[in-house]
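Notes follow the structure.
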Amino acid sequence: MADREVRVGILGMGIVGCGVYQVLTGNADGIAQRLGCRLTVARIADIDWDRERDVRVPEEVRTTDASQVTAADDIDIVVETIGGVTPAREFVLDAIANGKSVVTSNKELIAKHGDEILDAAAARGVDVEFEGAVGGTIPIIRSLKEGLEANRILEVTGILNGTTNYILTRMTDEGLAFEDVLADAQRLGYAEADPTNDIEGIDAKYKIGILAAIAFGHRVDVEDIHSEGITQIAPADIDYAKEMGYAIKLLATARRVDGGERLDVRVHPALVPYAHPLAQVNGVFNAVWVVGEACDQVMLYGRGAGSLPTGNAVAGDVIDCARNIVSGTRNRIPCTCSGQAEIVPMDEIATETYVRMLVKDQPGVLGAIATILGQEGVSIQSVVQRGGTEESAEIVWIMHKGEESKLRSALNAIEQLGIVEDVCTIIRVVPA
Ligand SMILES: NC(=O)c1ccc[n+]([C@@H]2O[C@H](COP(=O)([O-])OP(=O)(O)OC[C@H]3O[C@@H](n4cnc5c(N)ncnc54)[C@H](OP(=O)(O)O)[C@@H]3O)[C@@H](O)[C@H]2O)c1
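Right under this line is the structure:
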């Protein structure tokens, strides 16, 4: 083995930082054998070294000052596992300016500031890698950039958030309410104390924004991506979906439209037919389903979060960066985005849709609603009416594929009738 050593610094010794450290130190000999040089974790910056961790870091490697990593002459690769935008963005830009390759697991940072960071890296001739930012241990970014790169990608759809998939799975299997499973998930460590980013679809929005840019070669403005979470999903919806042969999943989807001129990128719950591979992805697991002109369908499946699974993805990027440093061939696969893609507004998107509503239990209600749907150009595929409470009935509609704007306008008109007590849930349906 060559005598060469590549020195790594880590920023943030939390869940992912600890996993990266464990993978790089635990399999140091195996990595050295494959890489042809030794990878040494030489310095780690964290603001709190008193906190209990599963791994023990030697005293001489620890610092509380990030600049001891980002500006140090003896560090070649900086791993950013702090999270959030501030101060992670500054640290990453500082490391790049100092000629270091950067590996990050920070989806928010890459989704919001990826263009700035990748441009800075290209100008400085260093690598920036971020496999751990999407799908935890699943090598989806590498697969899109390398294994599937000859192929024209048509669609990327994923279950990209383990917390929401865990909640929906338990609601489905155990008939529990959203709030009860969320509380349990928080107790078990599958959901954060503030779960907003997960349950409102924001985390999945960052991830699909990153995947859309890589799959379609255009940067996207993550703020233009429509996202909805799972807080509106009730046990009744899960039951109706089951009866009709669907699983409810939080899907993040990106596809080409208008011949590739614009992109349809969105995050929302969906009724997924049992026969679809994504319907079988349960618990904390993630999966990404890719459709390409040549490859047809490909699905990658694995743990979407966690210390070692994410540590594995980050460590893989570190090895890639080290390989480039040793061989002197940086930017092996640089940023492939050639422009900015326009995202189609949700109003213009056409889907099949499930709508559950509570209405006054009186004659003529069903007909009155159906009339308005017809007037607004919304076509009904099926309708089921059940007794709700003593005075109200529950109606579940499946609408044929139609534009979101027409459905919204019909529902507004229906609400004016005074016979609808609540439009409880609207869920898009993945065609069988
Ligand atoms: N957790 C996962 O399974 C997972 C999976 C995929 C991607 N990610 C992403 O990976 C990143 C890290 O997530 P995580 O779950 O590992 O977070 P975490 O457990 O909160 O770890 C972050 C660490 O950074 C430290 N830190 C905060 N400010 C710092 C500073 N200025 N200088 C040095 N250290 C600082 C924190 O210390 P304090 O705790 O004292 O603030 C903490 O130890 C996030 O972007 C996240 O979205 C996480």
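Positions -14 to 417 (my numbering) are the ones given, in order, by the sequence shown. From the three backbone atoms N, C-alpha and C, an ideal C-beta is built for every residue, glycine too.
At a cut-off of 7 Å, is residue i close to ligand 1 when judged by its beta-carbon and the heavy atoms of the ligand?
i	result
I193	no
D39	no
P72	yes
M342	no
K92	yes
G418	For the chain, the structure presents residues -14 to 417; residue 418 sits outside this window and is missing.
L(-4)	yes
V1	yes
I32	yes
T66	yes
T154	no
A51	yes
T295	yes
G117	yes
A13	no
A57	no
A290	yes
Can you name, in chain order, every residue of its own chain whose Cβ lies under 6 Å from the Cβ of residue i, other than the five neighbours on each side?
i	result
M(-2)	I29, D31
T122	G287, R288, P294, N297, A298
V40	C3, Y6, Q7
T336	R413
E140	R240, V276
V381	Y225, R341, V369
V283	V275
H211	R251, M331
D188	N146, N182
T66	G(-3), V1, G2, S90
Would residue i be called buried (16 or more neighbouring beta carbons within 10 Å of its own) or exposed?
i	result
V329	buried
A237	buried
N397	exposed
L323	The question names Leu, yet the displayed sequence has Ser at residue 323. S323 is exposed by the Cβ-count criterion.
R(-11)	exposed
V369	exposed
K85	buried
G186	buried
K227	exposed
P348	exposed
A135	exposed
S52	exposed
S90	buried
G362	exposed
R127	buried
P72	exposed
S367	exposed
K234	buried
Residues in its own chain within less than 8 Å of residue i by CB, not counting five upstream and five downstream?
i	result
V70	E93, L94, K97, H98
P124	E116, L285, A298, G301
L402	A353, I354, I357
Skipping 5 residues on each side, what residues in its chain have a beta carbon closer than 7 Å to that of residue i?
i	result
V205	G194, A197, A198, L248, V250, A326, I328
E406	L343, V344, K345, S377
L103	V113, C320
N83	T55, A56
K391	E361, G362, V363
Per DSSP, residue i forms a beta bridge with which residues?
i	result
F270	R288
A237	G143, V252
Q325	R204
E(-10)	R23
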